[in-house]
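Chains as they are written, first to last, in the working numbering: chain D, 776 to 1032; chain W, 776 to 1032.
Ideal Cβ placement from N, Cα and C applies to all residues, glycine included.
Accompanying notes for the structure given below.
Here it is in structure tokens:
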């Protein structure tokens, strides 16, 4: 039980030592049949509010796997307060969600835009991509996921105290290299448009919204998924938590570096 | 002929007004059958050295499409001198190559590492991903692509005057936020490891190589493809050409922004 568990699961139960968690069908199947877990095996669990806990497999039945909570492994750490508003792209929603979660986004806001090819989003799928990425990347929470909104609704609901960094494909925005170091710590969101760009109406609405700051990512045309990942990386490096170090360094301690 | 062509093709021919280019089988098929081009249609072409030229479809036969070169559209601009050394990941080589090309990498160096799952790379496929991404993103060149090397060979051949920024998953590297603004303009490469991390031997070789500077991308575990894209974005934003603006702004001129 001293070794760090290799399996991490997101659960919605609250935690207390000795309590049992009856897993739902998908994680039960994953544990029993994909990972071939046995009774007594260690599993790490997180619920988005109480850090990461050690649990052990208490029983495996045809219906469900039950875990028993042991003790806390690491104190809860919320992901940085950074939102990503993105126009879903055909066959790429999984990529954007997976990468955004790994890069530590706290809320995903799919936006419907005039020129978007994808007009609806399967929320169950988006949630499952987000949970899987959160389990894999070691974070203690799963980002909130909003229903799809159009640009006027997004801007109408956008908090007054949160800057919306807008990836402006027209090239008229600020350099990230100049913009990011000039911004204070605080609440941010990033908006990345669809492959066809924004419509004139949408661009006008963005131009007059007081929270919006446009930026540019250089001379090449980035696909929408590339743009989301690239913008998130730069914003996390400068305004997020990239000064913190991973908490899984134990197995590197013996190397020569 | 005044409109910017919607189709961009990479060719290996040299350019001169009036010359004909007989396209190979794949681009011929693409033009004739996917894009349903007709004689007289405009196509933009680039060859990696002479900028972007306007050509028109001169003839379409069963065997090949022939283009006739008209005149230069934009002067040649080389991509920034930034290399990416990456451990190829199962089913993700296309993603890494596509994103790296969009983000303006000048050379791709697949590396074989001890813990890598993928032990060989289909060079033809890597080349075709790179060409397609270069055509799509508007750059004037296709990155050079080296044969797969192991870490000792990569380091043994690494130029003395090129800094190798190493994405160190152990968390011991510098913050990008501190490191990047401290570095002068110059020649750089990025090294991103495989999903299993580097072996002790590989880490020792990296630790003693004088050109290597390790950096860290925060507390979460990034997948290898996410790490490549994220690192490239930050390095291009700070040391690359992201202060330049896209040269395709014409259709945004009428918007209100």
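Give the secondary structure of residue 1013 of chain W by DSSP, where H, G and I count as helix, E and B as strand, and everything else as coil.
-> Stepping through the second chain from its first residue, residue 1013 of chain W is reached at position 238. DSSP places residue 1013 of chain W in helix when its eight states are reduced to three.
Using the Cα positions of residue 996 of chain W and residue 969 of chain W, report the straight-line distance between them to the nearest angstrom.
-> Position 221 of the second chain, counted from the first residue, corresponds to residue 996 of chain W. Position 194 of the second chain, counted from the first residue, corresponds to residue 969 of chain W. Just so you know, the alpha carbons of residue 996 of chain W and residue 969 of chain W end up roughly 12 Å apart.
Closer than 7 Å to chain D by CB, residue 1014 of chain W = Taking the second chain and counting its residues from 1, one reaches residue 1014 of chain W at position 239. False, the Cβ-Cβ gap to chain D never drops below 7 Å.
Can you tell which of W:837, W:864 and W:878 has its C-alpha closest to the C-alpha of residue 998 of chain D?
-> Stepping through the first chain from its first residue, residue 998 of chain D is reached at position 223. Looking at W:837, W:864 and W:878, the one whose alpha-carbon comes closest to that of residue 998 of chain D is W:878.
Is the CB of residue 1031 of chain D under 7 Å away from at least one CB in chain W?
-> By 1-based counting over the first chain, the position of residue 1031 of chain D is 256. Residue placement at residue 1031 of chain D cannot be trusted, given a pLDDT of 32 that sits under 50; what the coordinates show is reported in the next sentence. Residue 1031 of chain D counts as touching chain W.
Could you check the C-alpha separation between residue 780 of chain D and residue 897 of chain W for me, to the nearest Å?
-> Residue mapping note: residue 780 of chain D aligns to position 5 of the first chain, counting from 1. Residue mapping note: residue 897 of chain W aligns to position 122 of the second chain, counting from 1. Taking the straight line from one Cα to the other gives about 36 Å.
Can you check DSSP and say which residues form a bridge with residue 793 of chain W?
-> The residue you call residue 793 of chain W lines up with position 18 of the second chain. For residue 793 of chain W, which the question treats as bridged, DSSP gives no partner whatsoever.
Unbroken alpha helix (DSSP H) run spanning residue 964 of chain D, endpoints | Numbered from 1 along the first chain, position 189 holds the residue referred to as residue 964 of chain D. Per DSSP, residue 964 of chain D belongs to no alpha helix (DSSP H); it is in the beta strand (DSSP E), 963-967.
What residues of chain B sit near residue 952 of chain W, judged by a beta carbon separation below 8 Å?
-> In the structure shown, chain B cannot be found, because the protein chains are D and W.
Start and end residues, alpha helix (DSSP H) containing residue 834 of chain W | Counting from 1 along the second chain, the entry for residue 834 of chain W is found at position 59. Here residue 834 of chain W belongs to no alpha helix (DSSP H); instead the beta strand (DSSP E) covers 827-835.
Residue 874 of chain W to residue 803 of chain D span [Cα, whole Å] = Taking the first residue of the second chain as 1, we reach residue 874 of chain W at position 99. Taking the first residue of the first chain as 1, we reach residue 803 of chain D at position 28. Residue 874 of chain W and residue 803 of chain D: Cα-Cα distance of roughly 36 Å.
Among W:982, W:920 and W:831, which residue has its Cα nearest to the Cα of residue 868 of chain W?
-> Your numbering for residue 868 of chain W matches position 93 in the second chain. Selected option, being the one with the closest Cα: W:920.
Are the beta-carbon atoms belonging to residue 993 of chain D and residue 1016 of chain W less than 7 Å from one another?
-> Taking the first chain and counting its residues from 1, one reaches residue 993 of chain D at position 218. Taking the second chain and counting its residues from 1, one reaches residue 1016 of chain W at position 241. Contact: yes.
In three-state DSSP terms, what is residue 988 of chain D?
-> Locating residue 988 of chain D in the first chain gives position 213, where the first residue counts as 1. In this structure, residue 988 of chain D counts as strand in the three-state DSSP scheme.
Within 7 Å of chain D by C-beta, residues of the segment 986-1002 of chain W in sequence order = Those residues of the segment 986-1002 of chain W placed with their C-beta closer than 7 Å to a C-beta in chain D are 991, 992, 993, 994, 995, 996, 997, 998 and 1001, ordered along the chain.
Can you name the residues of chain W whose CB is closer than 9 Å to the CB of residue 924 of chain D?
-> By one-based count along the first chain, residue 924 of chain D stands at place 149. Going along chain W, no residue has its Cβ under 9 Å from residue 924 of chain D, so there is no contact; the nearest lies around 21 Å.
Can you name the start and end residues of the beta strand (DSSP E) that residue 800 of chain D belongs to?
-> Looking up residue 800 of chain D in the first chain gives position 25. Premise fails: residue 800 of chain D lies in the alpha helix (DSSP H), 800-804, not in any beta strand (DSSP E).
Do residue 884 of chain W and residue 860 of chain W have their CB atoms nearer than 7 Å?
-> Start at 1 with the first residue of the second chain, and residue 884 of chain W comes out as number 109. Start at 1 with the first residue of the second chain, and residue 860 of chain W comes out as number 85. In this structure, residue 884 of chain W lies near residue 860 of chain W, with their beta-carbon atoms less than 7 Å apart.
State the beta-bridge partners of residue 840 of chain D as determined by DSSP.
-> Taking the first chain and counting its residues from 1, the one referred to as residue 840 of chain D is at position 65. Partner(s): D:835.
Beta-bridge pairing of residue 887 of chain W - partner residues as DSSP gives them = Within the second chain, the letter at position 112 stands for residue 887 of chain W. The partner list for residue 887 of chain W (beta bridge, DSSP) reads W:925.
Own chain residues within Cβ distance below 7 Å of residue 824 of chain W, not counting five before or after = The residue you call residue 824 of chain W lines up with position 49 of the second chain. Cβ within range, chain order: 851.
Three-state secondary structure (DSSP) of residue 783 of chain W | Position 8 of the second chain, counting from 1, holds the residue named residue 783 of chain W. Three-state DSSP puts residue 783 of chain W in a strand.
Going along chain D, which residues have a C-beta under 7 Å from residue 800 of chain W?
-> Translated into positions along the second chain, residue 800 of chain W becomes position 25. Within chain D, no residue comes near residue 800 of chain W; the closest Cβ sits about 26 Å away, beyond 7 Å.
Supposed contact pair residue 812 of chain W and residue 832 of chain W - C-beta distance, whole angstroms, cut 8 Å = For the purposes of this step, residue 832 of chain W is taken as residue 57 along the second chain, with counting starting at 1. For the purposes of this step, residue 812 of chain W is taken as residue 37 along the second chain, with counting starting at 1. At roughly 5 Å, the Cβ-Cβ gap stays under 8 Å, so residue 832 of chain W and residue 812 of chain W are in contact.
Give the interface partners of residue 1004 of chain W over in chain D, defined as CB-CB distance under 9 Å, in chain order.
-> Stepping through the second chain from its first residue, residue 1004 of chain W is reached at position 229. Going along chain D in sequence order, the residues near residue 1004 of chain W (Cβ under 9 Å) are 874, 1001, 1004, 1005 and 1008.
Taking 7 Å as the CB-CB cut-off, is residue 879 of chain D touching chain W?
-> For the purposes of this step, residue 879 of chain D is identified with residue 104 of the first chain, where counting begins at 1. Residue 879 of chain D counts as touching chain W.
What is the rounded straight-line gap between the Cα of residue 957 of chain D and the Cα of residue 928 of chain D?
-> Residue mapping note: residue 957 of chain D aligns to position 182 of the first chain, counting from 1. Residue mapping note: residue 928 of chain D aligns to position 153 of the first chain, counting from 1. Straight-line measurement puts the Cα of residue 928 of chain D at about 29 Å from the Cα of residue 957 of chain D.
Burial state of residue 794 of chain W, where buried means 16 or more other Cβ atoms lie within 10 Å = For this step, residue 794 of chain W is matched to residue 19 along the second chain. Residue 794 of chain W is classed as exposed because its beta carbon has fewer than 16 other beta carbons within 10 Å across all chains shown.
Alpha carbon to alpha carbon, how far is residue 947 of chain W from residue 1018 of chain D? Give it in angstroms, no decimals.
-> Mapped onto the first chain, residue 1018 of chain D falls at position 243. Mapped onto the second chain, residue 947 of chain W falls at position 172. The C-alpha of residue 947 of chain W is placed about 11 Å away from the C-alpha of residue 1018 of chain D.
Contact set for residue 870 of chain D: own chain, Cβ-Cβ below 7 Å, skip 5 residues either direction = In the first chain, the residue the question calls residue 870 of chain D occupies position 95. Leaving aside the five residues that flank residue 870 of chain D on each side, the residues in its chain whose CB is nearer than 7 Å to its CB run, in chain order, 1000.
Any Cβ of chain D within less than 7 Å of the Cβ of residue 968 of chain W?
-> To locate residue 968 of chain W, count along the second chain from 1; it is residue 193. Interface residue (Cβ-Cβ distance to chain D less than 7 Å): residue 968 of chain W is not classified as such.
Can the beta-carbon of residue 908 of chain W be found closer than 7 Å to that of residue 876 of chain W?
-> For the purposes of this step, residue 908 of chain W is identified with residue 133 of the second chain, where counting begins at 1. For the purposes of this step, residue 876 of chain W is identified with residue 101 of the second chain, where counting begins at 1. Inclusion of residue 908 of chain W and residue 876 of chain W in the CB contact set at 7 Å is warranted, their separation being smaller than that value.
Following the continuous alpha helix (DSSP H) through residue 983 of chain W, name the residue where it begins and the one where it ends.
-> Mapped onto the second chain, residue 983 of chain W falls at position 208. For residue 983 of chain W, the enclosing alpha helix (DSSP H) has its first and last residue at 975-983.
So, does the CB of residue 914 of chain D fall closer than 7 Å to a CB anywhere in chain W?
-> In the first chain, the residue the question calls residue 914 of chain D occupies position 139. Interface annotation, residue 914 of chain D: in contact with chain W, CB-CB separation under 7 Å.
Give me the Cα-Cα distance between residue 855 of chain W and residue 788 of chain D, rounded to the nearest whole angstrom.
-> Working through the second chain from its first residue, we reach residue 855 of chain W at position 80. Working through the first chain from its first residue, we reach residue 788 of chain D at position 13. One C-alpha to the other measures close to 50 Å.
Distance, Cα to Cα, residue 926 of chain D vs residue 952 of chain D?
-> Position 151 of the first chain, counted from the start, is the residue given in the question as residue 926 of chain D. Position 177 of the first chain, counted from the start, is the residue given in the question as residue 952 of chain D. One C-alpha to the other measures close to 27 Å.
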